[in-house]
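Below: the structure, in structure tokens.
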Amino acid sequence: MRTEDLLAALATGLWRWDSVSGAVAYDAEAARLLGLPAEAVTLSQSAARARFHPADWLETKATVLLALTEGSLAEARLRVVDEKGTVLRTVRSRARPVSRGGNEDGYYLIGTLQEIPEPLPGTAAQGAPVTGDWRRNREAFLLDAGRALAEAMSTAEVLRVASGLSMPGFSPDGVAVFGVAGDRLSVIGRQGHRAGAEHASGDIPVDHDAPATEVVRTGRAVYLPSPDHYRERFPAAWPLARSRHRHSWAYLPLIVAGRTIGAWMAGFAHPMPFSPDERSVLTTIARMLAQALARTALQETERELADGLQRSMLPARKPDIPGLAVAARYVPTGGGLQVGGDWYDVIALPSGRTALVIGDVQGHDVRAAGIMGQLRIAVRAYASEGHHPDAVLSRASRFLAGLGDTGAPGAGDGWDPRFATCLYMEVDPVAGTLDIARAGHHDPAVRLADGTMVIRPTAGGLPLGIDPDSDYPTTRVVLEPGETLLMCTDGLIETGGHDLETGWERIREVFERPAAPAGGADHDLESLAEALVQAVHGPRSHRSTGPLAARREDDVALLLIRREAEVCLVGPGSAPVRRTAVTVAQAEPERIAGARQQLRDMLHDWADRDQVESAVLLLTEMVTNVLVHTDGDALLVAEVSGRRGDRRLRLDVADGSDELPHPRSPGELASSGRGLLLMEMLADAWGVDPRGDGKCIWVELHERAPEGPPAR
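So for the sequence shown, our numbering puts the first residue at 4; every next one is plus one.
Below, the structure written as structure tokens:
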């Protein structure tokens, strides 16, 4: 005998609830016990809930949650009621939660239903009587409804919650919400089978003879317990309502702060007398619904405002720069209006070149967004006049400082000075040169042709707006074919508890990841931009350093540019070349530390770490020699070529002096004169090449395994 047949013989029904879809499936015996036709049926959660006494349903829900937590059996006693709230019988339910299996979320609740006789009066088994506990049921229902409406985050969610409410003893067949716009009334949402169809024609004048319009005009509810009441009171609207085959209607005003914002219609498929208790429940629901709709409407308006503000402050379309692929992202912070001070821009210059700008105004509020908009327009105007990068930032700094001065009469109320960081870059896509000026911003990062990421140190000045007379030196960087440059704000780096060092390491993991083999340069760059954002905001970020909450505590803006090329090769069958160039000025000897870090980044996978330290020592010696013994700047070019395990590192340091180095014999206590000796000892090859405007000192190191001979 099958299990189903055995259960039917014992007058026991079987049911199953899906926690994901909310659907409840009953077999024929379970349906009969619930007062339904004796055949298998699947109901929605709200429809199934309406078959039970509200107080019992709430108690059963707590029992099921406990059983789910403990993995135990959930047993409950439930009273089955009809549409009028009359108790038909009492049943016992036994259920156990079962996992859906695989990687699917949620679970099934599988159980049985069996009718039990009513206990004798005065016995311990007697449950709470249905008569007299209306107040308790109503309070439990309203608490549940209030929680659900408070958690709804959009107008559509509010309407779904309203349509799924299973009221004590009665449940609407459908609901419709009307909104007021001027002198017109329109359906802004409807839920449920045939919900609101009697007003499907669209907007109607407020002075029209209809239940919803009268509610809006008077601010008082209209109850229509029967079709006769509807036809007699609103004959003009009755022809539309007659075709819906409903028996009762309730129209209630939606009032917020003394203002009627619309009306709520609840239609019933069975006659409703609308007793005082039922009207009290409907009135309370209407008040909660009005508050929820007003709240979600305000949130949606704020989101639209933030989206519109964001779109107006960012480039209208994706820039088209010949020879370069470009990708950009802006992700607002998760709080408030979701606007802040981060921005990026792409500007066509009179010279035919293109300027790329990225910046961050102090703060995460509306004022920061407003200053950002003004500063972006100012930078665009100065750039469009044809000024060089240093002049653009100098003028922008004076402009931002002036914004603070105009609002500070005696530094009184309303004075809120702000500063901003900015990175301005003028791009020549033909030559691949980037003229960069930096105002307190992060240095850009470059992914070399073979995938290695290095930070490009650039000269910089104070953030904009601090000192109106600040200077912003310009650094020229060459972007080789196949290389990708990243400009970003600190929201991409110092987020989730990361500092500057650990933040760049997190970005490095994504930035150095090989690109997809297909899709084109633009597609690869868009994928990389999305991956960088997900590294900070995605689920994976919760497994890295820092607190797990509030990952979106700062705006993120980023720009990616890639100089188009398949690969940059040094010969047939060769691997891509790693190359970097750094200029160390006489007045900036501290930039030697940045050059050393770049070299270490380039040699991150070099086989012999001792050779790496030797290369760093040689670089320091060569650059320092130029700064000490000449009157000019030092230009360093570092290049790694060949395949892994058999590579060559070449360091070229050029200067403008014609004086060639010569060997010396320093004494034991001498503080200089050992440079050439170090080059002779540590380098596999070295030399000096005279040039028309100076000379170039070079050294070469050949990769070798630790403790082994150099590879040739």
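Where is the CB? At the ideal position from N, CA and C, for every residue including glycine.
To the nearest angstrom, how far is it from the Cα of Ala295 to the Cα of Ala165? Within the sequence shown, the letter at position 292 stands for residue 295. Within the sequence shown, the letter at position 162 stands for residue 165. Note on geometry: alpha-carbon atoms of Ala295 and Ala165 lie some 10 Å from one another.
Mind pulling the alpha helix (DSSP H) runs of 4 or more residues that sit fully within the region 578-605? Listed in chain order, the alpha helix (DSSP H) runs fully inside the region 578-605 are 594-605, counting runs of at least 4 residues.
Given Ser102, which residues of its chain have a CB within under 6 Å of its CB, disregarding the five upstream and five downstream residues? For this step, residue 102 is matched to residue 99 along the sequence shown. Contacts found: Tyr110.
Give the DSSP-derived three-state secondary structure of Tyr233 in the structure shown. On the sequence shown, position 230 is the one that residue 233 refers to. Here DSSP, grouped into helix, strand and coil, assigns Tyr233 to helix.
Quick one: using the 10 Å Cβ neighbour count with 16 as the cut-off for buried, is Ala159 buried or exposed? On the sequence shown, position 156 is the one that residue 159 refers to. When all chains shown are included, Ala159 counts as exposed.
Can you list, in chain order, the residues of its chain with a C-beta nearer than 7 Å to that of Ala148? Leave out the 5 residues immediately preceding and following it. Residue numbering aside, residue 148 sits at position 145 when the sequence shown is read from its first letter. So the qualifying residues of the chain are Leu168, Ile288 and Met291.
Is it buried or exposed, Ala381, if we count other Cβ atoms within 10 angstroms and call 16 or more buried? For the purposes of this step, residue 381 is taken as the residue at position 378 of the sequence shown. With 16 or more neighbouring CB atoms inside 10 Å of its own CB, Ala381 falls in the buried class.
Supposed contact pair Leu437 and Val480 - C-beta distance, whole angstroms, cut 8 Å: For the purposes of this step, residue 480 is taken as residue 477 along the sequence shown, with counting starting at 1. For the purposes of this step, residue 437 is taken as residue 434 along the sequence shown, with counting starting at 1. Contact flag correct, Cβ pair sits at about 5 Å.
Using the Cβ count rule (16 or more neighbours within 10 Å means buried), how would you classify His273? As a first step, residue 273 is located in the sequence shown; it is residue number 270 there, counting from the start. Note on His273: under 16 other CB atoms within 10 angstroms of its CB, so exposed under the neighbour-count rule.
Excluding the five sequence neighbours on either side, which residues of its own chain have a C-beta within less than 6 Å of the C-beta of Leu37, listed in chain order? Taking the first residue of the sequence shown as 1, we reach residue 37 at position 34. Annotation for Leu37: Arg54 and Val83 place their beta carbon closer than 6 Å to its own, counting only its chain and skipping 5 residues before and after.
Just to confirm my understanding: we take Asp212, look at its own chain, exclude 5 residues before and 5 after, and list those with CB closer than 7 Å. What are they? Within the sequence shown, numbered from 1, the residue matching residue 212 stands at position 209. Result list for Asp212: Phe237, Ala239 and Ala240, in chain order.
Rounded separation between Ala386 and Leu654 - CA only: Taking the first residue of the sequence shown as 1, we reach residue 386 at position 383. Taking the first residue of the sequence shown as 1, we reach residue 654 at position 651. Taking the CA atoms as reference points, Ala386 sits about 36 Å from Leu654.
Tell me whether Arg245 is buried or exposed, calling it buried when 16 or more other Cβ atoms sit within 10 Å of its Cβ. In the sequence shown, counting from the first residue as 1, residue 245 sits at position 242. Residue environment analysis places Arg245 among the exposed positions, since fewer than 16 neighbouring C-beta atoms fall within 10 angstroms of its C-beta.
So, does the region 223-231 touch the region 251-259, judging by three or more C-beta pairs under 8 Å? The answer is yes - the region 251-259 touches the region 223-231, with three or more Cβ pairs under 8 Å.
Expressed to the nearest angstrom, what Euclidean distance is found between the alpha-carbon atoms of Arg516 and Gly454? For this step, residue 516 is matched to residue 513 along the sequence shown. For this step, residue 454 is matched to residue 451 along the sequence shown. Those two C-alpha atoms are separated by around 7 Å.
Unbroken beta strand (DSSP E) run spanning Ala693, endpoints: As a working mapping, residue 693 is identified with position 690 in the sequence shown. For clarity, residue 693 is Pro in the given sequence; the question names Ala instead. Where Pro693 is concerned, the enclosing beta strand (DSSP E) stretches over Ala688 to Arg694.
On the three-state DSSP scale, how would you describe Lys698? The residue given as residue 698 occupies position 695 in the sequence shown. Here Lys698 sits in strand by DSSP.
Give every residue of the same chain whose Cβ lies closer than 6 Å to the Cβ of Ala14, excluding the five residues on either side of it in the sequence, and list them in chain order. Position 11 of the sequence shown, counting from 1, holds the residue named residue 14. Excluding residues up to 5 positions away in sequence, nothing lies with its Cβ nearer than 6 Å to the Cβ of Ala14 in the same chain.
Applying the 10 Å Cβ sphere with the 16-neighbour rule, what's the burial state of Gly415? The residue given as residue 415 occupies position 412 in the sequence shown. In this prediction, Gly415 has a pLDDT of 47, which is less than 50 and means its spatial position is unreliable; what the coordinates show is noted afterwards. By the neighbour-count rule (16 or more Cβ atoms within 10 Å), Gly415 is not buried but exposed.
Between the CA atoms of Val259 and Arg150 - distance to the nearest angstrom: Sequence index remark: in the sequence shown, residue 150 carries index 147 (1-based). Sequence index remark: in the sequence shown, residue 259 carries index 256 (1-based). Using only the alpha carbons, I get a separation of about 18 Å.
In terms of alpha-carbon separation, which member of Arg19, Val536 and Glu486 lies closest to Asp493? Looking up residue 493 in the sequence shown gives position 490. Closest by C-alpha distance to Asp493, out of Arg19, Val536 and Glu486, is Val536.
By alpha-carbon positions, which one of Val539, Leu482 and Thr478 ends up nearest to Trp507? Taking the sequence shown and counting its residues from 1, one reaches residue 507 at position 504. Nearest to Trp507 by C-alpha distance, out of Val539, Leu482 and Thr478, is Val539.
Do the CB positions of Ile324 and Tyr347 come within less than 7 Å of each other? Against the sequence shown, residue 324 aligns to sequence position 321. Against the sequence shown, residue 347 aligns to sequence position 344. No; because the gap between Cβ atoms is not below 7 Å, this pair is not in contact.
Tell me Ser251's beta-bridge partners as DSSP assigns them. Start at 1 with the first residue of the sequence shown, and residue 251 comes out as number 248. Listed as beta-bridge partners of Ser251 by DSSP are Phe271.
With a threshold of 6 Å on Cβ separation, who are the neighbours of Ser22 within its own chain once the five nearest residues in sequence on each side are excluded? Sequence index remark: in the sequence shown, residue 22 carries index 19 (1-based). The answer, listed in chain order, is Gly109 and Tyr110.
Which residues bound the beta strand (DSSP E) around Ala41? Working through the sequence shown from its first residue, we reach residue 41 at position 38. Per DSSP, Ala41 belongs to no beta strand (DSSP E) and is neither H nor E.
Would you decide whether Gln601 is buried or exposed? Buried here means 16 or more other CB atoms lie within 10 Å of its CB. As a position in the sequence shown, residue 601 is number 598, starting the count at 1. Buried, by the Cβ-count rule.
Segment contact, 8 Å Cβ cut-off, at least three pairs: the region 616-628 with the region 679-691: Touching, yes.
Where does Ser157 land, buried or exposed, given buried means 16+ other C-beta within 10 angstroms? On the sequence shown, residue 157 is found 154 positions in, with the first residue counted as 1. Its Cβ having fewer than 16 others within 10 Å, Ser157 is exposed.
Determine the closest residue to Arg421 out of Arg398, Phe402, Ala293 and Ser660, with distance taken between C-alpha atoms. The count along the sequence shown starts at 1 and reaches residue 421 at position 418. Arg421 has its Cα closest to that of Phe402, out of Arg398, Phe402, Ala293 and Ser660.
Helix, strand or coil, according to DSSP, for Ala184 in the structure here? For this step, residue 184 is matched to residue 181 along the sequence shown. It is a strand residue.
Helix, strand or coil: which one does DSSP assign to Asp649? Within the sequence shown, numbered from 1, the residue matching residue 649 stands at position 646. Shown here, Asp649 sits in a strand according to DSSP, grouped into three states.
Can you tell me the Cα-Cα spacing of Ile207 and Gly373, whole angstroms? As a working mapping, residue 207 is identified with position 204 in the sequence shown. As a working mapping, residue 373 is identified with position 370 in the sequence shown. Roughly 40 Å between the two C-alpha positions.
Nearest to Ala641 by CA position, among Ala657, Asp649, Asp634 and Gly635, is which residue? Within the sequence shown, numbered from 1, the residue matching residue 641 stands at position 638. Looking at the Cα atoms, Ala657 is the closest of the given residues.
Just grab the DSSP bridge partners of Ile119 for me. Taking the sequence shown and counting its residues from 1, one reaches residue 119 at position 116. Paired residue(s): Thr93.
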